[in-house]
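Residue 64 is where the sequence shown starts when you use this note's numbering, and the numbers rise one by one after that.
Yeah, the Cβ is synthetic: ideal placement off N, Cα and C, and Gly gets one too.
Working notes for the structure below.
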Amino acid sequence: MADPKTDTAMEENDATTQNDTNGDAPASTSASAAAQPKEGIPSAVEFEPPLACVRRILKNSLPKATAVGKDASSAFARASGIFIIYLTACANDYARENRRQTITANDVLAAVKELEFDEFTPELKAFLELYRENEKTKKEAKLKAATAKKEAEDEAAAAAATSKSGEEEESKADAMDVDAAAGDNDNEKAQTNEEEGSNVEEEDEDDEANADDADDMASQKGEEDDAAPASADMDAADDEGKDMEP
């Protein structure tokens, strides 16, 4: 699929190159024409990769003895922005052709092929496979961690429930022990009260028996006291009788 915007930019660059060859226009004309915003495409000035990232890419791509000036780094950043914008526009066209609002990795690969950068396709595919594998590993690890956390929480909840049940059983056992002890105390108190009542009854019976004995003794003493004067009178009468005898 041909991108009309890309074709327009390429035609402008070819025209500028031809003018430069003939000496009719300065070299800056091509850069200014490429930087002009197209319909639906932001200007390259509005987007440039971070200069630090561009310098890191250059450092890893070029030999160690190669130095890159500040103006060259800025030019690389501007060119990277332009390339990303065109690549994005082309990938978006593929997504729209398939009636999708989301640009996928396959759209990017198709756009790279459309821009005639086929030599990068195998490397991009290898990168995508590695990326997807890493994402799958991270997802599995995250799911495993979540499962382990849930299992730990379930075990903790079960242990807490068991502990609570044990405490409740201990509380019930303690309550039963307290009730049993209270019942034993009540029985002991009732038995004590019965024993005390029995002792009181025995004491009352003893007091009554003692009172009866005292009454008997008093009655016997009274009888003895009554019998003593009569005996004395009889003795006196006997004495008088003896005296009156010749």
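Tell me whether residue i is buried or exposed, calling it buried when 16 or more other Cβ atoms sit within 10 Å of its Cβ.
i	result
residue 194	exposed
residue 246	exposed
residue 89	Note that residue 89 has pLDDT 37, beneath the 50 cutoff, so the model's placement of it is unreliable and no number is given.
residue 241	exposed
residue 140	buried
residue 342	With the chain represented from 64 up to 309, any question about residue 342 goes unanswered, as that position is not in the structure.
residue 113	exposed
residue 269	exposed
residue 37	Here the chain comprises residues numbered 64 to 309, so residue 37 is not present and cannot be evaluated.
When the Cα atoms are used, what is the spatial distance from residue i to residue j?
i	j	result
residue 147	residue 202	29 Å
residue 216	residue 231	22 Å
residue 177	residue 158	14 Å
residue 127	residue 207	44 Å
residue 138	residue 212	51 Å
residue 156	residue 166	9 Å
residue 255	residue 284	42 Å
residue 259	residue 239	30 Å
residue 204	residue 120	31 Å
residue 221	residue 116	52 Å
residue 125	residue 218	57 Å
residue 244	residue 250	10 Å
residue 197	residue 168	16 Å
residue 266	residue 273	10 Å
residue 235	residue 226	14 Å
residue 118	residue 129	12 Å
residue 184	residue 122	23 Å
residue 253	residue 233	30 Å
residue 237	residue 223	21 Å
residue 282	residue 248	50 Å
residue 179	residue 152	15 Å
residue 192	residue 210	27 Å
Roughly how far, in whole angstroms, is the beta-carbon of residue i from the beta-carbon of residue j, given that I think they are within contact range, below 8 Å?
i	j	result
residue 174	residue 154	4 Å
residue 110	residue 144	5 Å
residue 150	residue 172	Actually they are not in contact, since the Cβ atoms of residue 150 and residue 172 sit about 11 Å apart, beyond 8 Å.
Could you tell me whether the stretch 150 to 170 touches the stretch 119 to 138, where touching means 3 or more Cβ pairs closer than 8 Å?
no
In chain order, which continuous runs of the alpha helix (DSSP H) of length 4 or greater are located wholly inside the stretch 116 to 181?
133 to 160, 168 to 177
What ranges does the beta strand (DSSP E) occupy inside the stretch 197 to 258, keeping only unbroken runs of at least 3 residues that lie completely in it?
none
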